[in-house]
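Q:
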Amino acid sequence: MFIIDCPYCGKRDQTEFSCHGEAHIARPTDTQNLTDEQWGEYVFFRSNTKGLHRERWVHTHGCRRWFNALRNTVTDEIFATYRVGEVPPGAAESQP
Amino acid sequence: MDNLAIETPLNAQLHSIEGLSIKELPICAKVTVRGDMPALSAAIESVTGLPALMEANTCTTAAANTLYWLGPDERLIYSEDPTAETLVASLREQLPAGQSAVVDVSDYYTVIQISGVKARSVIASGTPFDVHPREFKPGHCAQTRFGNASILISCREGDTFDIQVRWSFAEYVWKYLCRVGGYV
Numbered sequence: 001m002f003i004i005d006c007p008y009c010g011k012r013d014q015t016e017f018s019c020h021g022e023a024h025i026a027r028p029t030d031t032q033n034l035t036d037e038q039w040g041e042y043v044f045f046r047s048n049t050k051g052l053h054r055e056r057w058v059h060t061h062g063c064r065r066w067f068n069a070l071r072n073t074v075t076d077e078i079f080a081t082y083r084v085g086e087v088p089p090g091a092a093e094s095q096p
Numbered sequence: 001m002d003n004l005a006i007e008t009p010l011n012a013q014l015h016s017i018e019g020l021s022i023k024e025l026p027i028c029a030k031v032t033v034r035g036d037m038p039a040l041s042a043a044i045e046s047v048t049g050l051p052a053l054m055e056a057n058t059c060t061t062a063a064a065n066t067l068y069w070l071g072p073d074e075r076l077i078y079s080e081d082p083t084a085e086t087l088v089a090s091l092r093e094q095l096p097a098g099q100s101a102v103v104d105v106s107d108y109y110t111v112i113q114i115s116g117v118k119a120r121s122v123i124a125s126g127t128p129f130d131v132h133p134r135e136f137k138p139g140h141c142a143q144t145r146f147g148n149a150s151i152l153i154s155c156r157e158g159d160t161f162d163i164q165v166r167w168s169f170a171e172y173v174w175k176y177l178c179r180v181g182g183y184v
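Line by line, the protein sequences are chains D and B. Here this note's numbering is used: the first sequence runs in plain steps of one and ends on residue 96. Here this note's numbering is used: the second sequence runs in plain steps of one and ends on residue 184.
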């Protein structure tokens, strides 16, 4: 059991939350001209990171708001949570 | 339709043992308001007499109305009226169209009131939320989990709490509370 800091409600138990995979995946804008392979890439393929991973969470049993978390997929440690639209912590030195 | 009695899922049951009283409250009007909150606060206050609280997990009561913070852009208003028609109409009139949503959720939920010296222990048996008096005081509310049900719990005073639960989960929460009440 661990505690997650909801950016809106504050610290709550993990059982109130659900995780919904990798965050910051931009939907392609030029959808008319995408090949099946490009669609497949967008819909199904994820980075499957070992280590620091940015992912989408939702406070299901609480305020029902979506937010992002920076979690280590090896140790399950959550380093930060931030609202949708905010700049991810440590964004400058790692991935775009 | 006027003589059609409004029934509640638990039929206003009462469960009372030493140090614990659990009862279902009579049906009341429940309305959710969504929109950009600091901007809508004045309009909400003009109708309900209550400001749209900006502090998370708080609630406030004035006269017959109670307002709960549900999310950054969402508030819940209780009114003692048996129907929400008047409240919904006046809110829709005051709030800017297209920038807010007013929804009558009166029949979506019921409220179970639990009070007594054992109340906090009974609630703590089913929720991971900290209901210790040091953390959870009158004027506080929280949406959390009780067993497998989503609830909105609020502290009315000292050892009296309101648990708002979805209609279909009411019996589950009721039985859970009564059963645990026999052990704490």
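Backbone N, C-alpha and C fix where the C-beta goes; we use that ideal spot for every residue, glycine too.
Under a three-way DSSP split, which group does Gln31 of chain D fall into?
A: For the record, residue 31 of chain D in the displayed sequence is Thr; it is not Gln. In the structure shown, Thr31 of chain D sits in a helix (DSSP, three-state: H, G or I).
Q: Give me, in chain order, the residues of the same chain whose beta-carbon lies closer than 8 Å to that of Thr60 of chain B; leave out the 5 immediate sequence neighbours on both sides.
A: Excluding sequence neighbours, Thr60 of chain B sits near Leu50, Pro51, Leu53, Thr66, Leu67 and Gly139.
Q: How close, in whole Å, do the beta carbons of Thr15 of chain D and Arg145 of chain B come, if the pair is a contact with beta carbons under 8 Å?
A: Right, the Cβ-Cβ distance comes to about 6 Å (below 8 Å), so this counts as a contact.
Q: Tell me, please, whether the CB atom of Tyr8 of chain D is closer than 9 Å to any CB atom in chain B?
A: Interface residue, yes.
Q: Which same chain residues end up closer than 8 Å to Tyr108 of chain B when comparing Cβ atoms and leaving out the 5 residues on each side of it in sequence?
A: The residues are Lys30, Arg166 and Trp167.
Q: Could you name the residues of chain B that Cys19 of chain D contacts, counting a contact when the two beta carbons are closer than 7 Å?
A: Simply none; closest approach about 16 Å.
Q: May I have the straight-line CA-CA distance separating Arg34 of chain B from Trp57 of chain D, to the nearest angstrom?
A: The straight-line gap from Cα to Cα measures roughly 21 Å.
Q: Could you give the distance in angstroms between the alpha-carbon of Tyr78 of chain B and the alpha-carbon of His53 of chain D?
A: Answer to the nearest angstrom: the Cα atoms are 41 Å apart.
Q: Counting C-beta neighbours from all protein chains within 10 Å, is the total for Asn11 of chain B 16 or more, i.e. buried, or is it exposed?
A: Burial call: exposed.
Q: Does the CB of Gln95 of chain D have a neighbour CB from chain B at under 9 Å?
A: For Gln95 of chain D, the predicted structure reports a pLDDT of 49, less than 50, and the residue's modelled location is therefore unreliable. A value from the coordinates is still provided. No, Gln95 of chain D does not count as interfacial toward chain B.
Q: Taking the alpha-carbon of Arg12 of chain D as reference, which of D:Val74, D:Ile78 and D:Glu22 has the nearest alpha-carbon?
A: The candidate whose alpha carbon is nearest that of Arg12 of chain D is D:Ile78.
Q: Leaving out the 5 sequence neighbours to the left and right, which residues in its chain are closer than 8 Å to Ala101 of chain B when beta-carbon positions are compared?
A: Taken in chain order, the residues that qualify are Thr32, Val33, Arg34 and Gly35.
Q: With a cut-off of 8 Å on the beta carbons, I'd call Val184 of chain B and Val122 of chain B a contact; round off their distance for me.
A: Between Val122 of chain B and Val184 of chain B the Cβ distance is about 6 Å, and since that is below 8 Å, they are a contact.
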